[in-house]
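So the sequence lines, in the order shown, correspond to chains A and B.
Take -6 as the starting number for the first sequence in this note's numbering and just add one per residue.
Take -6 as the starting number for the second sequence in this note's numbering and just add one per residue.
2 protein chains.
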Amino acid sequence: MLLELFDCDPDAINNLEAVKGALVEAAKRAQATIVDIVFHEFNPFGISGVVVIAESHLSIHTWPEYRYAAVDIFSCGDVLKPEVAASYLVEQFAAERTSVVEVQRGLFLQPSGTVVNKAVAAVGA
Amino acid sequence: MLLELFDCDPDAINNLEAVKGALVEAAKRAQATIVDIVFHEFNPFGISGVVVIAESHLSIHTWPEYRYAAVDIFSCGDVLKPEVAASYLVEQFAAERTSVVEVQRGLFLQPSGTVVNKAVAAVGA
């Protein structure tokens, strides 16, 4: 899940502890098992962070000067609830506009997953 | 850039040091400035890792049992060369099939970036 957060509260996305706390809490609410946490603050603005989870990872990059944050929620299996994490982050950063794109990965491994429309068999009468 | 690596050498993507070394070297070849590196090995198979770079991050998740690895190369600015990193990883893991999807982020911030086709003005004669 690729999440775009626009028109965020610039203070909320420029505070290392706040951003880290939000991503960790989002991971927990999504039922993720946290394995590792790395966050960095950039000069003059911006925070990058990753929460590595047993189900893959959550990452965030913030541009407070543009009131923008980009979040990726990469998950495998069907236990994780990325939409719960996404909603929580939208709320925490007071994002006024958002965009969510879901990208399926590893589809060649699961041929059924690549079928978008099942052809209707209409042979005979 | 979302990179799918199929039919990889299973040994290459199940070795923590090899996967970490490859992702770090890919980041360097792409001209990234490395800020932090975190890698974990899962039981019974699989490695997850992230290289946090000044320009955002590279991440990898491997499923040796499926000979599959998913790589994300998230970059900002125009110094980074994600395609160089991608080619290097394809070679290192001996992937026989690959898929690459590029997703533009933060487009609302740069209205010109959202224009895919410029309409041809054909008014008058």
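Where is the CB? At the ideal position from N, CA and C, for every residue including glycine.
Keep in mind the model is a prediction, meaning the values are calculated, not measured.
### Message
For a contact defined as C-beta to C-beta under 9 Å, what are the partners of E124(B) on chain A?
### Response
Nothing can be reported for residue 124(B): it is not among the residues displayed for chain B, which extend from -6 to 118.
- Item | Given N36(A) as reference, the closest of C69(A), P57(A) and E84(A) once Cα atoms are compared | P57(A)
Original post:
Cα separation between K74(B) and V43(A)?
Top reply: 21 Å
Q.
Short of 9 Å Cβ to Cβ, which residues in the region 23 to 35 of chain B face chain A?
A. V28, D29, I30, V31, F32, H33 and F35
task: Provide the residue(s) that pair with E34(B) in DSSP beta bridges, ordered along the chain.
output: I40(B)
Q) Between which two residues does the alpha helix (DSSP H) harbouring A126(B) extend? A) Past the boundaries of the shown model lies residue 126(B); chain B is included only from -6 to 118, so the question cannot be answered.
(request) Inspect the beta-carbon positions of E84(A) and M(-6)(A) and report whether they are closer than 8 Å. (result) no
Among residues of its own chain, excluding the 5 on either side of I46(B), which ones have a beta-carbon nearer than 7 Å to its beta-carbon?
A20, A25, T26, I27 and V28
Checklist entry - Between Y59(A), F(-1)(A) and S80(A), which lies nearest to L16(A) when the distance is taken from Cα to Cα? => result S80(A)
How about D65(A): is its C-beta nearer than 8 Å to some C-beta of chain B?
-> yes
- Query: Expressed to the nearest angstrom, what Euclidean distance is found between the alpha-carbon atoms of H33(A) and H54(A)?
  - Reply: 10 Å
- Three-state secondary structure (DSSP) at V83(A)? helix
message = Would you say the beta carbon of E48(A) is closer than 7 Å to some non-hydrogen atom of the ligand MN?
response = Annotation note on the ligand MN: not contained in the displayed structure, which lists no ligands.
Practice problem: Assign E(-3)(B) to one of three DSSP states: helix, strand, or coil. | Solution: strand
Euclidean distance between Cα positions of F86(B) and D4(A): 42 Å
Any beta carbon of chain E sitting closer than 8 Å to that of Y61(B)? Absence of chain E from the displayed structure is noted, the protein chains being A and B.
Query raised in the report: Which residues, taken in chain order from the region 80 to 94 of chain B, show a beta carbon closer than 8 Å to some beta carbon of chain A?
Result: R90, S92 and V94
* To do: Kindly indicate the opening and closing residues of the beta strand (DSSP E) around L51(B).
  => S49 to W56
| For the putative contact between V198(A) and L82(A), defined by C-beta atoms under 8 Å, what is the C-beta separation to the nearest angstrom? | It is not possible to answer for residue 198(A), since the shown part of chain A is limited to -6 through 118.
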